[in-house]
Every structure is written in structure tokens, then in C-alpha cells.
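Numbering (this note's numbering), first residue to last: 68 to 315.
Since the structure comes first, as C-alpha cells, the remarks are kept for the end.
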């Protein structure tokens, strides 16, 4: 066992928890206890060399105010990992075992969430690397002279590349600039359109027949209620970048 101080935040009043800009220093409680081996991974040393465990926050700053802990990791603009920060309060003290178990379970969850977010970022970077490689190869072989020149000059030519390739491969489709408000069409589908979608799928495109929602109302209970729709074939994730649409 390891002797350690366990710090946590005890506050029953919800209004006191979330006062903007205030420090929850008055909510900090401390218990000295013997920490069993199963929880020794939670122990850290503070600046004074004391063995401590912080539950629901991330230690103290230079002015001895509690520091918010990171949670809810996500990708910011798909280029970097960021997170939100908050304090976790307890309504009442149960026992040290509960605090340590809470801390352990939450650390495991947040570590897993961070790893998943990191993997998502790595996957996005890999896809971007593949996209750039394929883009360079395609432009070198099929691109217009203007597009080749802009690529060689170091300009961002993603939009022009997608457009030129779209015209070459799928001239009947346009880039869909909406908010992907559509629903799959399940009845009254023309056979020739089903055949077209089947051929597109065989060629590796994520194609489907949908009703694109052009006009809608929002309802608190039912959500989005379509008012005006248009039948279309859509291809999602064209070149892993955009959605395409062909109205039918």
C-alpha cells in the first residue's frame, strides 16, 4: 500500500459549481489514506514530493486554485487534437474506494477517447497523403495545362482537381454543396436508375437513390419535416472529399 492524499471536489449546490470565472477552492476536500496496489497507478508526486491523487480536477496552479481536467477529446478542423475542460463535483462523500474507482474508470475512458481521437487523426492524415499522391499522379497524366502549372507553382488545387476529374469521370454529376439533407428513396424508383446505381457501385462509388430535402420545417418532436424534395442519385465521399448529386 501507498500512503497518499486524495483531493476531490464536494459541492451540493449546482449554482456554486458553475459560477463563471470563480474558483472552486472552497469545494476542495482532502483525505489521507492508504492506497491499495490496484490504484497505485493513480498516485503522483506534487511539488512538495507528497503522494497525491486528484479526483475530478487536475491539480493546483501557482495560486493554489484547482485546475480543470481535460475531457471530450475531438479533432479541431481535422488537423489537431483538442479538448474541453471542466471540474467534476461530488454531491456527497461516500468513501475513498468510490473516489478512487471513479478516478480510475474516468482516466481509462478519457485515455481511450484520446487514443481513438489520435487514431482518427492518423487515419485522416493517411487519407490526405493518399489523396495528394493520387492527385499528383492524375494531374500529371490527365490534368489541364493550367492545372499542372498551378500544381507545380505550389498552389492549393484541390477544388480544381476535383472539378476536372469529375468532368472526366462523371460528367452528369455536380458537387453537392448542401448540408447533406437527404433520405433514401425506398419506393417508386425507376428501374433504369436502379441499374445506373448498381453500375456505379460496381465501379467503386458509394451511390444511392435519395430524396434531397430542399425545403423543410423543424419540429421539436419530429425533427426535420420535409416540405419539398427532389429525387436524385448521390455519391458520397467522392475522392474522400465531397458528395456528388445528379437529379433525376
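From the three backbone atoms N, C-alpha and C, an ideal C-beta is built for every residue, glycine too.
Going by C-alpha distance, which of the options is nearest residue i?
i: residue 277; options: 251, 311, 267; result: 251
i: residue 275; options: 298, 287, 290; result: 298
i: residue 112; options: 120, 106, 254; result: 120
i: residue 304; options: 268, 290, 69; result: 268
i: residue 266; options: 130, 104, 145, 302; result: 302
i: residue 176; options: 110, 210, 138; result: 138
i: residue 168; options: 284, 221, 287, 106; result: 106
i: residue 284; options: 271, 221, 248, 153; result: 248
i: residue 190; options: 147, 294, 310, 287; result: 147
i: residue 125; options: 152, 271, 195; result: 152
i: residue 271; options: 237, 260, 74, 154; result: 237
i: residue 118; options: 261, 211, 273, 68; result: 68
i: residue 155; options: 178, 179, 123, 140; result: 123
Need the endpoints of the alpha helix (DSSP H) that residue i sits in, please.
i: residue 184; result: 163 to 209
i: residue 137; result: Not the alpha helix (DSSP H): residue 137 falls in the beta strand (DSSP E), residues 136 to 143.
Return the first residue and the last residue of the beta strand (DSSP E) that residue i is part of.
i: residue 304; result: 290 to 305
i: residue 243; result: Residue 243 -> no beta strand (DSSP E), and no H or E assigned at all.
i: residue 251; result: 249 to 251
i: residue 69; result: 69 to 76
i: residue 311; result: 309 to 314
i: residue 119; result: 118 to 122
i: residue 146; result: Run containing residue 146: none; DSSP gives neither H nor E here.
If you draw a straight line from the C-alpha of residue i to the C-alpha of residue j, how long is it?
i: residue 170; j: residue 142; result: 24 Å
i: residue 208; j: residue 256; result: 38 Å
i: residue 200; j: residue 90; result: 51 Å
i: residue 312; j: residue 243; result: 6 Å
i: residue 282; j: residue 291; result: 10 Å
i: residue 97; j: residue 76; result: 9 Å
i: residue 231; j: residue 183; result: 35 Å
i: residue 70; j: residue 80; result: 31 Å
i: residue 306; j: residue 101; result: 57 Å
i: residue 150; j: residue 136; result: 10 Å
i: residue 226; j: residue 314; result: 22 Å
i: residue 116; j: residue 94; result: 23 Å
i: residue 185; j: residue 159; result: 35 Å
i: residue 99; j: residue 187; result: 40 Å
i: residue 300; j: residue 294; result: 19 Å
i: residue 145; j: residue 134; result: 27 Å
i: residue 129; j: residue 194; result: 43 Å
i: residue 280; j: residue 310; result: 15 Å
i: residue 161; j: residue 181; result: 29 Å
i: residue 109; j: residue 103; result: 10 Å
i: residue 221; j: residue 233; result: 22 Å
i: residue 213; j: residue 308; result: 22 Å
i: residue 210; j: residue 228; result: 8 Å
i: residue 216; j: residue 223; result: 11 Å
Would DSSP call residue i helix, strand or coil?
i: residue 99; result: strand
i: residue 218; result: helix
i: residue 256; result: coil
i: residue 238; result: coil
i: residue 229; result: helix
i: residue 110; result: coil
i: residue 115; result: coil
i: residue 212; result: helix
i: residue 287; result: coil
i: residue 224; result: coil
i: residue 104; result: helix
i: residue 39; result: Only positions 68 to 315 of the chain appear in this structure, which leaves residue 39 out of reach.
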